[in-house]
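Trainee: Shown below is the structure under consideration.
Numbering (full-length UniProt numbering), first residue to last: 1 to 177.
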């Protein structure tokens, strides 16, 4: 009689000691880990691809056909004027070049107008530019352009959060959907 009372109070289920395989509760962390690793790998690859596309090598050369002034790329660059051009091929004895030896465009491109090729010339010049309002506008535009590649990363993270939420909801209730 004692056995019948005890079996009604606390029924025991015996599990075999050599149980192999995984139950539904064991699958949840595995699926979650695999999904998380896949999402992280995708994000890292996407970010590295964006940085790889943004890296560039820059070089400049001066030749007889034209040389862009260093500040010609300033915001609102206009009205450039050469104040002095010196041939410094022999640094100990620089030679002042007359204005007939060169031309200058409004875009800031300096061109040799003489038959002589000067291998080393120092140029002093003045110019006007757009100032702070122009630079602020360019900064805003550049910030927006720099943000655009990150939209993909943000959308990927949002999609990952949705997928993880669905997985957690599905497996978090012990496998009951």
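No residue lacks a Cβ here, since even glycine has one placed at the ideal position from N, Cα and C. Computed from a prediction, not measured in an experiment: that's the story for all the values here.
What did DSSP end up calling residue 92 once you bin it into helix, strand or coil?
Mentor: The answer is coil: DSSP assigns residue 92 none of H, G, I, E or B.
Trainee: Tell me, please, whether the segment 150 to 158 touches the segment 89 to 101 by the rule of three or more beta-carbon pairs shorter than 8 Å.
Mentor: They do not touch, by the three-pair rule.
Trainee: Would you kindly work out how many angstroms separate the C-alpha atoms of residue 126 and residue 90, rounded to a whole number?
Mentor: Each residue's Cα considered, the two are about 25 Å apart.
Trainee: Return the CA-CA distance between residue 72 and residue 150, expressed in angstroms with no decimal places.
Mentor: Distance between the alpha carbons of residue 72 and residue 150: 30 Å.
Trainee: Kindly list the residues whose CB is nearer than 7 Å to the CB of residue 130, restricted to its own chain and excluding five residues on each side of it in sequence; keep chain order.
Mentor: Once the five neighbours on either side are set aside, the close Cβ partners of residue 130 are 75 and 76.
Trainee: To the nearest angstrom, how far is the alpha carbon of residue 118 from that of residue 87?
Mentor: Between residue 118 and residue 87, the C-alpha separation is close to 7 Å.
Trainee: Let me make sure I understand the geometry here. Which of 109, 124, 106 and 120 has the alpha-carbon closest to that of residue 85?
Mentor: Closest option to residue 85, Cα to Cα, is 124.
Trainee: Identify, in the order they occur along the chain, each residue of the same chain with its Cβ nearer than 6 Å to the Cβ of residue 28, setting aside the five sequence neighbours on each side.
Mentor: So the qualifying residues of the chain are 171.
Trainee: Starting from the C-beta of residue 31, find all residues in its chain whose C-beta is less than 7 Å away, skip the five residues before and the five after it, and write them out in chain order.
Mentor: Cβ neighbours of residue 31 beyond the five flanking positions: 167 and 171.
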